[in-house]
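Read the structure below first, then the notes.
Number of protein chains: 2
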Amino acid sequence: MHNLFTIPLFLLLSVLLVTAQAAEPSSQQLTSPDGSIEVTVEVRDAGVYYSVQYKKQAVIQASRLGFDIQGQPQLAANLEVTDVQRNTTHQAWQQVWGERAEVVDHHNQLSISLQEREGLQRKLELVFRAFDDGIGFRYHLPQQPNLQEFAIEDELTEFALAQNYHAWWIPAYRDQRYEYQYLKSALSSIDVAHTPLTLTDDGIAIAIHEAALVDYASMTLRNVSDNHKTLKADLVPWADGTKVYAKTPLTTPWRTIQIASQAAELINSDLIVNLNEPNRLGDTSAYVKPGKYMGVWWEMHIGSKSWSPGADQGATTERVKEYIDFAAEHDIDGVLVEGWNKGWEGEWWQRKPTFIFDEPVVGFDIQAAVDYASSKGRQLVGHHETAAGIAHYEAQMERAFAYYQKLGIHSVKMGYVGTRLEGKEWHHGQFMVRHFAKVVATAAKYQVMVNAHETIKDTGLRRTYPNLMTRECVRGMEYNGGSPDTGNLPNHTVIIPFTRGLAGPTDFTPGIFNFDYQEHRPYNRVPTTLAKQLALYVTLYSPLQMAADLPENYQGHPAFQFIDDVPTDWQESRALQGEIGEFLVIARKDRHSEDWYLGATSNETPRQLSIKLDFLDAGRYQATIYRDGEQAHWRTNPEDYVIESKKVKAGQVLKLDLKPGGGAAVRLHRL
Amino acid sequence: MHNLFTIPLFLLLSVLLVTAQAAEPSSQQLTSPDGSIEVTVEVRDAGVYYSVQYKKQAVIQASRLGFDIQGQPQLAANLEVTDVQRNTTHQAWQQVWGERAEVVDHHNQLSISLQEREGLQRKLELVFRAFDDGIGFRYHLPQQPNLQEFAIEDELTEFALAQNYHAWWIPAYRDQRYEYQYLKSALSSIDVAHTPLTLTDDGIAIAIHEAALVDYASMTLRNVSDNHKTLKADLVPWADGTKVYAKTPLTTPWRTIQIASQAAELINSDLIVNLNEPNRLGDTSAYVKPGKYMGVWWEMHIGSKSWSPGADQGATTERVKEYIDFAAEHDIDGVLVEGWNKGWEGEWWQRKPTFIFDEPVVGFDIQAAVDYASSKGRQLVGHHETAAGIAHYEAQMERAFAYYQKLGIHSVKMGYVGTRLEGKEWHHGQFMVRHFAKVVATAAKYQVMVNAHETIKDTGLRRTYPNLMTRECVRGMEYNGGSPDTGNLPNHTVIIPFTRGLAGPTDFTPGIFNFDYQEHRPYNRVPTTLAKQLALYVTLYSPLQMAADLPENYQGHPAFQFIDDVPTDWQESRALQGEIGEFLVIARKDRHSEDWYLGATSNETPRQLSIKLDFLDAGRYQATIYRDGEQAHWRTNPEDYVIESKKVKAGQVLKLDLKPGGGAAVRLHRL
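In order, the protein sequence lines correspond to chains A and B. Using my numbering, read the first sequence as starting at 61 and increasing by one per residue. Using my numbering, read the second sequence as starting at 61 and increasing by one per residue.
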């Protein structure tokens, strides 16, 4: 009797407790370590909502979470909390390479396990992390009987922004992929934008993006009301309309919201890499080496040479040897050869790809080039242009990377030129995510570093795969070569570090010294001064930096010394001052010496900057300042520059005078 | 014999001449009176192209002209020049009302008559006018056998811009019609934009728009290559896809390109009205009277009253009498009553319209209100909200205007709220152009001035129909009342005079003095200081200006004196300084006194302006300056203002200190 009585009572109590929990909404709070950021997660009958405050001000108002699953009811409402877990992480980890050697990961985590009360009783876990520089959250769908293999029709995640912020964005779902100049508008004027999307207002800067995009679709942000400030996750679909093909257990990418009191601070955030998994490749020191490269490419963009074999062919053994000679005289590690392999004839971007990735074109002896480079202590940089033909590439990929390994080539630049992959898939859908994961893994297997153009956007996977060095995914220097619209505006390079750059390294390819290349490109120009070209090596971060111009264009330019000197791997980095679209000053400390480097860039507006050198360590420094000359102007006189040298120390103020479209680059050599 | 011989010879010579002309491309030049602007029109075998230079710099490169006609070959190529005419006009004309009393029209004109060499032998005439502030061109299709009644499938007009300018634009083909905050981007990032589209670069500002849009479709501008700087006319289609239903003789609207050395100068251009036909209404002095009005509307937008009949009804006889009392104590001519007529119950914008335009709602005695207004020397302002139901409105329109005339109401505000007209037509297609022409004509017949919201964009028809006073067609003050996205950003009002304002008068409805209206609108705010609200009466031109706030909110505010004083009809207007999105200073001289008024407005950025008073006439002026107080800030302290008085004269410099989101309004009273 005793047992028979007590057991049902215990069960009854459990049911009552669960019912009580379900009847009133559950609200969980999560606070960042310094308390500046607060997240609230509410589980109501109607759905699950999160909201975010920064310094007690609303940033994200109650915003919906959940999924539409194909052939099933929506997974969003009527959920009960089955478990709540909290923990705190405070650790420092070493980056193989990066903006800083040591990254601090200090966050509080809240995990909420949910289960549907009725019907399919599906399980869903939400994980939120609050850092002092923003938050991340992701969904986890554990293995479960009623959710095994499935298709995601829609992710319901919303970002109900509290203010109609100023927004800096590029449009999604357009043919040029990610390669647009940025629009500035009210948040409410966005239709659908790629991430990172950067938002500003007095005293606050916000960037919405994602981290660890692995086997899922890229998130774009759609204004869900034509007149509203709520953005909804709009996953880039497959050609068949499905957003994501999945099976449990599924962990989505982190949805990230970086928050700072001013835009330049966003650049100092490590949130994206902190939300990626640690290095899975182990010791990559044999082949993963940040560095500088140059190569055969700009002469094709400005029309003096061609990717096609024949009389105008850019990729010839002789020409490549000229590049190698120059590289060897300077601190340039690699020489890229675009158009070296078979398949570049004519309008290669207009047809089904015919590239052969392990056969050099007539006129280019790859073994001779490799040997010559090696004799000079340099390396060739390989090139895989796919023209968006994925099947054609994947069929050769293993062989192609093996070929490079055999030749001793440890670096490849890749391209996916085309409006759709395989003529139908967006560059930002799960199709590309899966393909590019294969590329990175295959490259690692054959000890090759990857620098990819026109690929999926960066979400910090470089932490997990340190051979994934850099990527374009930006309207880069090439648009100043042969684009039909004259090229990028002068403000472009003072927008992208605050937007695209938040995602990760950018292979923008700075370093154009010759502004007089209009013979075949009468309407194009590089919209900076020469001094600003140098500054870009500091303000646009990439572990592989190109010296993009032709060797002959660097001759006689003492300013090339800065490119010789500037490192590509950093002990520390600090964005010091800046306003989006206006100007930016960044200082970085070399990872392998005591020297600091500083880059300052402006848009069309000339400006005088006072930079407090309080980032310097104790001791004296020899400052070599590469600045705009008195008459410098991006349009009329870009090559007017001055090199000055003086001694400085911490705490002093460095004054820099930037001309229209100008900049300054400073080497601070520790004495 | 003699006669028989000479006649064929004469004919033969004519044919030879014409053939000779057709064989080589014809190029015609047109220059503006001061020579700064040059137009070249080339008739080549492949088509007809125009280009534009400003101060010897290319602005528009060779750009295509022509039409796609339904069921016929393209009318664009294989044309021969049959006649070329030139003339010069230099005249001054009086505006019934406007930014200035006298407008100078000084232009050179080039008319080129063309005919197809073969096939249908259709005729087409091109007319170009070059002014010192820009150009206009239009097509004329004369009556002809092979082109009688026809449908235009596409207008081929292109604007091949020479540079990738900075662009300020609103997107076309969106549900909120014309009511967006502006986007700033590179020209190349535009997809499809409404006009006026404003473009800037160092030393040049350009606005592309149209003039005299009569029985045609509105022109939007589409980037014809995703990566390009050539915009193509994209006529807003009917629901059936046709762009324009036409018959010959057809004269298209003028395609206009205003050009100046700086953006503020665009505001001083009279090009749009100069390209419209003279007054067709004759003497309208009996009822066309610029002036100020207030009325029952803002209390609905901020949610304290309702358009619906019942307990919260805004339109009551008693309330309207309060407005009339206030108006009578001040220099406010009219009192608007929104929601006065039957049909406003509930969510009127969601259903087929039920409005009755000549029956007042219970609780509002229109005759009593009219009589009371009359006894105080004021007028009621009528209101026609159509909810985009055109047939429903047109069935009552004649009766509705007659009703107003009978009551002595000479002013109506109209609305076309809805995403499509009749549930299917865009607000900017030929359907709306035709409807609105009927409205303006009917209003004139019954001696009523028109102030239209959500209607077709302005193209200067006010010159031809002086009862067409003003229109909204902008994201106006109402968005600061109840919009879901918090409202307009502070920079909005320093963008629209450089963009939307170039089209014509704007019923933005400034004058909010009470910033504490968040009881029902917790997320909305007016994004200016109070002093900036005053400045908007000068910087945003409209012949009918509203004092938009509630009478009780003006009580105790000496600043209302500026609204009392400020005229709405001007002898002269001059934009003195400004940068789009940053700040603007405009001075205007009263048409009926010797007084000048000045408005200065800023975006979020505080700034100090030095304004040379060289626009003043000889003599001394009493300056009354309504400026931001020391602690003024649009967000935290908008009502902090100072009124100062001092004597000034021409040539002196007036210094104004604008706070964040602030402004200054100055009355300069001639002593």
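Positions of the beta carbon are idealized from the N, C-alpha and C atoms, including for glycine. Everything numeric in this text was worked out from a predicted model, so none of it was measured.
{"Check": "Selection from A:Arg680, A:His495 and A:Thr502 that minimises the alpha carbon distance to Gln712 (chain A)", "Outcome": "A:Arg680"}
{"Check": "Under 8 Å from the C-beta of Lys289 (chain B): neighbouring residues of chain A", "Outcome": "Pro544, Asp545 and Thr546"}
{"Check": "CB contact below 8 Å: Asn168 (chain A) versus chain B", "Outcome": "no"}
{"Check": "Straight-line Cα distance separating Lys365 (chain B) from Ala732 (chain B)", "Outcome": "This structure gives no information on residue 732 (chain B), because the portion of chain B shown stretches from 61 to 731."}
{"Check": "Nearest-angstrom Cα separation, counted from Gln130 (chain B) out to Ala82 (chain B)", "Outcome": "Low confidence applies here, because Ala82 (chain B) scores a pLDDT of 43, under 50, leaving its location unreliable; read the following figure in that light. Rounded to whole angstroms, Ala82 (chain B) to Gln130 (chain B) spans 27 Å at the Cα level."}
{"Check": "Boundaries of the beta strand (DSSP E) in which Ile646 (chain A) is found, first to last residue", "Outcome": "Phe643 to Asp650"}
{"Check": "Candidates A:Arg648, A:Asp251 and A:Ser602, of which the one nearest Lys292 (chain A) by Cα", "Outcome": "A:Asp251"}
{"Check": "Neighbourhood of Leu186 (chain B) by C-beta distance below 6 Å, restricted to the same chain and skipping five residues each side", "Outcome": "Ile172"}
{"Check": "Cβ neighbour criterion (16 or more within 10 Å) applied to Asp235 (chain B)", "Outcome": "exposed"}
{"Check": "Counted within 10 angstroms of its Cβ, other Cβ atoms place Glu579 (chain A) as buried (16 or more) or exposed", "Outcome": "exposed"}
{"Check": "The alpha helix (DSSP H) enclosing Thr764 (chain B), as first and last residue numbers", "Outcome": "Outside the displayed range of chain B (61 to 731) lies residue 764 (chain B), so it cannot be described from this structure."}
{"Check": "Environment of Asp300 (chain B) [buried if 16+ CB atoms lie within 10 Å]", "Outcome": "exposed"}
{"Check": "Cβ-based burial, Asp331 (chain B) [other Cβ within 10 Å; buried from 16]", "Outcome": "With the sequence shown as reference, residue 331 (chain B) is identified as Leu, and Asp is not the correct amino acid for it. Its Cβ being crowded by 16 or more others within 10 Å, Leu331 (chain B) is buried."}
{"Check": "Lys244 (chain A): contacting residues in chain B (beta-carbon distance under 8 Å)", "Outcome": "Leu243, Lys244 and Ser245"}
{"Check": "First through last residue of the alpha helix (DSSP H) which encompasses Gln456 (chain A)", "Outcome": "Ile450 to Leu467"}
{"Check": "Integer-rounded CB distance, given that Thr628 (chain B) should sit under 8 Å from Gln605 (chain B)", "Outcome": "5 Å"}
{"Check": "Alpha-carbon spacing of Glu382 (chain A) relative to Leu549 (chain A), whole angstroms", "Outcome": "32 Å"}
{"Check": "Residues from the region 250-281 of chain B in contact with chain A, defined by Cβ distance under 8 Å", "Outcome": "Asp251 and Asp262"}
{"Check": "Min CB distance Asn224 (chain A) to chain B below 8 Å", "Outcome": "yes"}
{"Check": "Run of the alpha helix (DSSP H) containing Glu382 (chain B), from where it starts to where it stops", "Outcome": "Thr377 to Glu389"}
{"Check": "Coarse secondary structure for Arg687 (chain A), derived from DSSP in three states", "Outcome": "strand"}
{"Check": "Chain A within 8 Å of Tyr240 (chain B), Cβ atoms only", "Outcome": "yes"}
{"Check": "Contact set between Arg695 (chain B) and chain A, taken where Cβ atoms lie within less than 8 Å", "Outcome": "Asp262"}
{"Check": "Interface flag, Glu664 (chain B) vs chain A, CB-CB below 8 Å", "Outcome": "yes"}
{"Check": "Member of A:Leu714, A:Thr546, A:Val101 and A:Asp650 whose CA lies at the smallest distance from the CA of Gly351 (chain A)", "Outcome": "A:Asp650"}
{"Check": "Ala190 (chain B), DSSP secondary structure in three states", "Outcome": "strand"}
{"Check": "Val112 (chain A) - DSSP class collapsed to helix/strand/coil", "Outcome": "strand"}
{"Check": "Asp393 (chain A) versus Leu610 (chain A) - alpha carbon distance", "Outcome": "15 Å"}
{"Check": "Alpha-carbon to alpha-carbon, Ala433 (chain A) and Gly342 (chain A)", "Outcome": "28 Å"}
{"Check": "Under 8 Å (Cβ pairs) to chain A, residues found in the region 95-122 of chain B", "Outcome": "none"}
{"Check": "Contacts that Ser248 (chain A) makes with chain B (C-beta to C-beta distance below 7 Å)", "Outcome": "Gln241 and Asp545"}
{"Check": "Residue-chain proximity (Leu295 (chain A), chain B), Cβ-Cβ < 8 Å", "Outcome": "no"}
{"Check": "Where the alpha helix (DSSP H) through Phe637 (chain B) begins and ends", "Outcome": "The question names Phe, but residue 637 (chain B) is Gln in the sequence shown. No alpha helix (DSSP H) holds Gln637 (chain B); the beta strand (DSSP E) holding it covers Trp630 to Glu639."}
{"Check": "Other residues of its chain near Lys498 (chain A): CB distance less than 8 Å, five sequence neighbours each side excluded", "Outcome": "Glu454 and Met457"}
{"Check": "Closer than 7 Å: Glu704 (chain A) CB and nearest the ligand NAP heavy atom", "Outcome": "The ligand NAP is not among the ligands present in this structure, which contains no ligands whatsoever."}
{"Check": "4 or more residues per run - each alpha helix (DSSP H) lying fully within the region 508-568 of chain B", "Outcome": "538-542"}
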